[in-house]
Amino acid sequence: MSRIGKQPIAIPAGVKVSVNGCDVTVENSGKKLAITHRPEVTVKVEDDQVIVERGGDDKPSKSFHGLTRSLIANMITGVTTGFTRELEIVGVGWNAQVTGKTIGLKVGYADTKVVEIPMGVDVQVQGPKITVSGTDKQAVGQTAAKIRDQRKPEPYNGKGIKYSDEVILRKQGKAFGS
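Taking the working numbering, the leading residue of the sequence shown gets 244, the next gets one more, and so forth.
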């Protein structure tokens with residue numbers, strides 16, 4: 244039995260979880276997330292808890308047991324507190340600017356790199372800090388990764404876009420003369 248999958252998920256006050264066949268919907272004060280889980284597992288709501296059970300002991304059932312439980316737990320966390328990723332721009336004269344549903348990055352190239360911001364994700368820029376937040380953990384992480392991908396941090400000068408908790412291992416560089 245999956246150690247993660249067998250744990251029940253507590254439903255906080257104000258959160259509504261509904262199961263309709265393979266569709267699971269989580270709602271809280273206007274925020275709504277939904278997934279369609281695999282038929283190898285079943286999802287039940289009992290006594291303010293969500294319980295995920297698997298149909299058999301074959302490999303696919305075991306694989307989707309813990310995954311489905313984690314996805315539903317992330318949905319409940321998303322509609323209650325949300326998810327946030329913070330990035331930092333390191334480089335002289337480098338900056339970012341949010342315009343509508345895009346973010347423009349001036350990070351040392353001749354042109355401005357533009358990244359689309361998906362629905363349900365909010366991006367805020369304060370100086371060299373970029374904050375990506377939203378209810379869907381996957382969308383927040385993917386948007387932050389796309390922003391970071393425009394100029395990954397390099398190990399010699401430390402310039403680039405990095406996560407705020409990321410540590411860049413610095414390299415010595417070339418030594419001249421002896």
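Idealized CB from N, CA, C, for every residue including glycine.
- Around Cys265, the same chain offers Thr279, His280 and Pro282 as residues with beta carbons nearer than 7 Å, after the five sequence neighbours per side are excluded.
- Its chain contains Ala382 as the residues whose beta carbon lies nearer than 6 Å to that of Pro361, once the 5 sequence neighbours on both sides are disregarded; these appear in chain order.
- Here the alpha carbon of Thr345 sits roughly 6 Å from the alpha carbon of Val358.
- Restricting attention to Ser304, Glu289, Thr320 and Ala253, the CA atom closest to the CA of Lys275 is found in Thr320.
- Boundaries for Gln250: no beta strand (DSSP E) harbours it, and the DSSP string shows neither H nor E there.
- Contact between the segment 321-334 and the segment 401-408 is present, with at least three C-beta pairs closer than 8 Å.
- Linking Ile294 to Leu314 through their CA atoms gives a straight-line distance of about 13 Å.
- Only residues of its own chain outside the window of five on either side were considered, and among them His280, Val284 and Val295 have a CB closer than 6 Å to the CB of Thr311, listed in chain order.
- Of the residues assessed, Gly299 falls on the exposed side of the cut-off, its CB having fewer than 16 other CB atoms within 10 angstroms.
- In this chain, the beta strand (DSSP E) harbouring Ala277 covers Lys274 to Thr279.
- DSSP places Ala387 in the uninterrupted alpha helix (DSSP H) bounded by Lys380 to Asp392.
- Annotation note: the segment 286-327 contains the following uninterrupted beta strand (DSSP E) runs of length 3 or greater, listed N- to C-terminal: 292-297.
- Counting only runs of 4 or more residues that sit fully inside the segment 329-413, the alpha helix (DSSP H) segments are 380-392, in chain order.
- For Lys259, the enclosing beta strand (DSSP E) has its first and last residue at Lys259 to Asn263.
- Setting aside the 5 residues that flank it on each side, Gly309 is surrounded in the same chain by Ser245, Arg246, Ile247 and Gly248, each with a C-beta closer than 8 Å to its C-beta; the list follows chain order.
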